[in-house]
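Okay, so the sequence shown: first residue is -8 according to our numbering, each after it adds one.
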Amino acid sequence: MWINLLASGRAVDVLRVLPKPTIIPSIALGELERGRDKGRSAHVGVTSLIEAGYINAIDLPEEAEGVYLSLVAGRASETLDDGEAATLALSVHLGATALIDERKAICIAASRFPVLRVATTTDLLFSAQVRTVLDAGQLADALFASLMEARMRVPDHLLDEVCACLGSDRTQLCLSLPARARAFRKAILESR
-8 MWINLLASGR AVDVLRVLPK PTIIPSIALG ELERGRDKGR SAHVGVTSLI EAGYINAIDL
52 PEEAEGVYLS LVAGRASETL DDGEAATLAL SVHLGATALI DERKAICIAA SRFPVLRVAT
112 TTDLLFSAQV RTVLDAGQLA DALFASLMEA RMRVPDHLLD EVCACLGSDR TQLCLSLPAR
172 ARAFRKAILE SR
């Protein structure tokens, strides 16, 4: 989620208008730090957002550790990476919305924690709050940047809206979008 939001170029705009404080578990921040060894820069971006007061990094409370451990231990098909597991455990503990883009984490959250609210980067960008600060062109630019630079995955229920926002030409360029969405937009473009 953080990689996609940073790639949008609009992280500050998005975080500034959210109605509640945005929290990142220290475990997830550590995972981003380890990504630096692979040439990724998300840790630097998130750290600057923490320093500017847009995000709070907190340790996982002891009361949330049981949920966390249940999400990282077990069969691979039923477990998550540390960052996603910590995000879900903290969100469950606080009764907060989990900000996650990873499909497996979203599916596990829906199965294990049906009352937990989950939002993706795409959900945030299309939220009413963000639409008050980004016009249609800026929103399209932010989506395009996230799709191209971070290869953001778009939830199926938002795919049509994302493609409409991007327009046919940009949709064709976004290889992280499903081929069926790009083919549909290509057919529209060719029919003109």
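We put the CB at the ideal spot given by N, CA and C, even for glycine.
All values reported here derive from a predicted model rather than from experimental measurement.
- If you check the CB distance, Leu40 and Leu6 come in under 8 Å.
- Within the region 128 to 159, the runs of alpha helix (DSSP H) that reach at least 4 residues and sit entirely inside it are, in chain order, 150 to 157.
- Assignment of Val109 by DSSP, reduced to helix, strand and coil, places it in the strand class.
- DSSP places Ala64 in no alpha helix (DSSP H); its state is neither H nor E.
- Inter-residue distance for Leu20 and Arg161 is about 32 Å (C-alpha atoms, whole angstroms).
- Sixteen is the threshold: when 16 or more other Cβ atoms of the shown chains lie within 10 Å of the Cβ of Arg1, as they do, the residue is buried.
- Separation of Ser167 and Ala96 (C-alpha to C-alpha, rounded to the nearest whole angstrom) is 18 Å.
- For Thr13, the three-state secondary structure derived from DSSP is strand.
- The beta-carbon distance between Thr78 and Ile91, rounded to whole angstroms, is 6 Å. This is short enough to meet the 8 Å contact definition.
- Bounds of any beta strand (DSSP E) do not take in Ala87, whose DSSP letter is neither H nor E.
- A buried status is given to Ala141, since no fewer than 16 other beta-carbon atoms sit within 10 Å of its beta-carbon.
- Check the Cα spacing between Leu164 and each of Thr123, Ser61, Leu134: the tightest is with Leu134.
- Per DSSP, the unbroken alpha helix (DSSP H) holding Ile41 starts and ends at 33 to 42.
- Under the three-state reduction of DSSP output, Ile49 falls in the strand class.
- In the displayed model, Ser167 falls within coil according to three-state DSSP, outside both helix and strand.
- Three or more beta-carbon pairs separated by less than 8 Å are not found between the region 123 to 130 and the region 93 to 112, which leaves the two stretches without contact.
- Between Leu62 and Ala76 a beta carbon distance of about 4 Å is seen, short of the 8 Å cut, so the two are scored as contacting.
- Taken atom to atom, the span from the alpha-carbon of Ala174 to that of Cys154 is near 11 Å.
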